[in-house]
Amino acid sequence: MAPSSTGEPQAKRQKVCIQDKFRPGLFDKSFRDMLRNSIQSSKPYPHCKVSNLIDQDLLRRVQQEIYKHLHFTTKETDIYKVNQTGDLANLDGLSDLEQLRLPALRELREALSSDIFRNFVSDVTGCGALSSTQMDMSVNTYTAGCHLLNHDDVIGTRRVSFILYMPDEPWYPSDGGALELYPVTERDTPANEPTVSVPPEWNQFCMFTVLPGYSFHSVEEVVAEEKRRLSIQGWFHFPQEGEDGYVEQSVIGIPSLQQIEKPLDAQQEPFCEYTTELAATLTKEDREILADWINPDYLKAEFLTKISDKFIEDSAVQLKKFLKEELWQEIAAATLEADRCDGLTDGKMPPHGVGVRGNWFVQGPPVSQRFLRLSNESHKEEKTSNIFQRLRSFLETDTFRRWLAIVSDLEPKGYRGMARRFRPGHDFTLATMHQKNRPFLDVTLCLASQEAEKWESCEYGGYECYMAAGEEENDDPATYRSSDEGVLLTIPAGSNELSIVLRDEGVIRFIKYVSARAPGARWDIAYEFDLAA
Numbered sequence: 001m002a003p004s005s006t007g008e009p010q011a012k013r014q015k016v017c018i019q020d021k022f023r024p025g026l027f028d029k030s031f032r033d034m035l036r037n038s039i040q041s042s043k044p045y046p047h048c049k050v051s052n053l054i055d056q057d058l059l060r061r062v063q064q065e066i067y068k069h070l071h072f073t074t075k076e077t078d079i080y081k082v083n084q085t086g087d088l089a090n091l092d093g094l095s096d097l098e099q100l101r102l103p104a105l106r107e108l109r110e111a112l113s114s115d116i117f118r119n120f121v122s123d124v125t126g127c128g129a130l131s132s133t134q135m136d137m138s139v140n141t142y143t144a145g146c147h148l149l150n151h152d153d154v155i156g157t158r159r160v161s162f163i164l165y166m167p168d169e170p171w172y173p174s175d176g177g178a179l180e181l182y183p184v185t186e187r188d189t190p191a192n193e194p195t196v197s198v199p200p201e202w203n204q205f206c207m208f209t210v211l212p213g214y215s216f217h218s219v220e221e222v223v224a225e226e227k228r229r230l231s232i233q234g235w236f237h238f239p240q241e242g243e244d245g246y247v248e249q250s251v252i253g254i255p256s257l258q259q260i261e262k263p264l265d266a267q268q269e270p271f272c273e274y275t276t277e278l279a280a281t282l283t284k285e286d287r288e289i290l291a292d293w294i295n296p297d298y299l300k301a302e303f304l305t306k307i308s309d310k311f312i313e314d315s316a317v318q319l320k321k322f323l324k325e326e327l328w329q330e331i332a333a334a335t336l337e338a339d340r341c342d343g344l345t346d347g348k349m350p351p352h353g354v355g356v357r358g359n360w361f362v363q364g365p366p367v368s369q370r371f372l373r374l375s376n377e378s379h380k381e382e383k384t385s386n387i388f389q390r391l392r393s394f395l396e397t398d399t400f401r402r403w404l405a406i407v408s409d410l411e412p413k414g415y416r417g418m419a420r421r422f423r424p425g426h427d428f429t430l431a432t433m434h435q436k437n438r439p440f441l442d443v444t445l446c447l448a449s450q451e452a453e454k455w456e457s458c459e460y461g462g463y464e465c466y467m468a469a470g471e472e473e474n475d476d477p478a479t480y481r482s483s484d485e486g487v488l489l490t491i492p493a494g495s496n497e498l499s500i501v502l503r504d505e506g507v508i509r510f511i512k513y514v515s516a517r518a519p520g521a522r523w524d525i526a527y528e529f530d531l532a533a
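For what it's worth, UniProt numbering labels the leading residue of the sequence shown as 1, then goes sequentially.
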């Protein structure tokens, strides 16, 4: 008679039970060796993907339980839009009845947090010991428009990041939602484009070692309508105090918010100072020059008075139909032609590098911003380069300075600015406060496509948002500014619209990521005017 299995030690029986939750052979030495070698040779930093990680029947039941019993909350900030549940560690705090509804999810959580799987992760990644008491795990679903921008996951004691995919099937790479991994040009500075893209697949497990200043990644926007990119994501942590392998951690990387602001501070160009005294009124020559560029209504005394009164009261004003109509039509035709040529009007995810031609180049780094910027060189062959060079030159004239002083009742002392193109599916700026404890006058001429109603809904991003900076310290860009409490002003991407905003110290701003579903690119010319005495 064979010996009874009940005679086996309980720990061994539990280990066998846990192993049954995973794919056959996962813990075999040959598979571990193969995976370890793959991770060690992977670029741009150690990572891997494992197909069919979890028992198929278990994962199907998990998916069903999630959609039947869990509630998702849509959260959106400058860095992401995603539908989230709470931390799965909170399952233990549910009532007995609620826990009975989620048996498969509890099984999966216990398997992923088990000693055998944690030791497997530690072994194949070579990351060292991992905590048995600290582990984060949550359920996310990305639907159309959801995305997560570039960051390195360096928060607290995070050591290994993982994602287990349960997307609707079939899921195609063209549906979006890929995990994108970025190399660095130097520590803390990711390249402008990823070198690895991992599309979601059912029961695929991806993980990578969290490396301060190196493990930069993003989640591509989901563009598929009526499809859900469901996943469980989380982090294994360094051992905590009192655990074997604990080492007191010093600062292991630049805090994420500083990562965002540091490169912007370094890139800040000096203001070009005006060399002439500011006249109190517009000369006849000024009016003739302005008449070649702007809507004649904005030269009338009664209009200028109303604009000035509005700005003085609100510290902000938006002027629609700012450029004269024939000039605007020339710009609109050129930008629409460029957007169509680059495939930016069909609602699909465009490839990285799209639109780089003429004098347009990618301005990064994507840990803080990404958009196309117009260089200072002339390029007569490329229509948009030529037009935006002319517009930029106009905004830098003493004539425009005098007009701006009249409508704002302020005295610009200097200026700096650029022409930009925010491409759908790629471009944004994150919320930052890179100024020297004094107010600035922001002047932005937005020249987005003529589908104004879509931009005004803000559903497709591209809007500019001003917020009061919070007082509390928070290193995590994925949880920072997650409510509307501090919003001071939101300006949708406009079609031929000039915005003038007095930005006080302590105010942050950003351009929301432009969705791949947007009607086209957000084109603008953005200037800061120095008001210092």
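Quick reminder that beta carbons are idealized off the backbone N, C-alpha and C, glycines included.
Bear in mind the structure is a predicted one, so any value in this text is a computation, not a measurement.
Strand pairing of residue i, partner residues [DSSP]
i	result
GLU505	Answer by DSSP bridge pairing: none, since GLU505 is not bridged.
ASP136	TRP235
VAL465	Residue identity differs from the one stated: residue 465 is Cys in this sequence, not Val. BP columns for CYS465 point to THR490, PHE510.
MET418	ALA526
ASP442	VAL501, GLU528
GLN369	THR429
TYR165	SER231
LYS49	CYS206
ARG158	HIS237
Beta-carbon proximity check, residue i vs residue j, cutoff 8 Å
i	j	result
ASP409	ARG503	no
GLU387	ALA334	For the record, residue 387 in the displayed sequence is Ile; it is not Glu. Their beta carbons are under 8 Å apart, which means ILE387 touches ALA334 by this criterion.
TYR80	LEU148	yes
ASP286	ARG402	yes
MET467	GLY486	yes
SER138	LEU105	no
TYR527	LEU323	no
PHE208	VAL50	no
SER499	THR444	yes
VAL154	VAL210	yes
TRP235	ARG187	no
ILE54	ASN203	yes
ILE491	TYR460	no
SER385	TRP360	yes
SER449	LEU336	yes
THR276	ASP398	yes
LEU372	VAL356	yes
TYR274	LYS413	yes
GLN369	PHE428	yes
ALA338	GLU225	no
residue 566	LEU58	With the chain covering 1 to 533 only, the question about residue 566 has no answer from this structure.
GLY506	ALA469	yes
ILE116	PHE31	no
THR141	ARG60	no
GLY176	MET349	yes
Contact belief for residue i with residue j at Cβ below 8 Å, rounded distance in angstroms
i	j	result
LEU230	MET166	4 Å
ILE525	ALA419	5 Å
ASP78	LYS512	7 Å
VAL160	CYS127	6 Å
ILE39	VAL124	6 Å
PHE271	ASP33	About 59 Å separates the two Cβ atoms, so there is no contact after all.
LEU489	ALA316	6 Å
GLU411	LEU278	6 Å
LYS75	GLN84	6 Å
ASN150	TYR182	6 Å
TRP328	ASN496	5 Å
PHE510	LEU430	6 Å
ARG416	GLU288	Rounded, the Cβ-Cβ distance is 27 Å, inconsistent with contact.
Any non-hydrogen atom of the ligand GDP closer than 7 Å to residue i Cβ
i	result
LEU97	In the structure shown, the ligand GDP is absent, as is every other ligand, since no ligand is present at all.
task = Tell me, please, whether the stretch 342-356 touches the stretch 514-521 by the rule of three or more beta-carbon pairs shorter than 8 Å.
result = yes
request  = Scan the stretch 168-217 and note each continuous beta strand (DSSP E) run of 3 residues or more that stays entirely inside, going in chain order.
outcome  = 179-181, 184-186, 196-198, 205-209
Stretch pair the stretch 233-249 + the stretch 119-139: three plus CB contacts closer than 8 Å = yes
query = Between the stretch 216-224 and the stretch 109-125, do at least 3 Cβ pairs fall closer than 8 Å?
reply = no
key: the stretch 209-217 in contact with the stretch 38-55 per 3-pair CB rule at 8 Å   = yes
query = Are the stretch 412-429 and the stretch 289-302 in contact at 8 Å, needing three or more beta carbon pairs?
reply = no
message = Check whether the stretch 353-368 and the stretch 188-202 touch, using three or more Cβ-Cβ pairs below 8 Å as the test.
response = yes
task = Write down every uninterrupted run of the beta strand (DSSP E) in the stretch 63-101 whose length is 3 residues or greater and which is fully enclosed by it, in chain order.
result = 73-76, 80-87
query = Residue ranges of each beta strand (DSSP E) run of no fewer than 3 residues wholly in the stretch 255-340, ordered along the chain?
reply = 316-320
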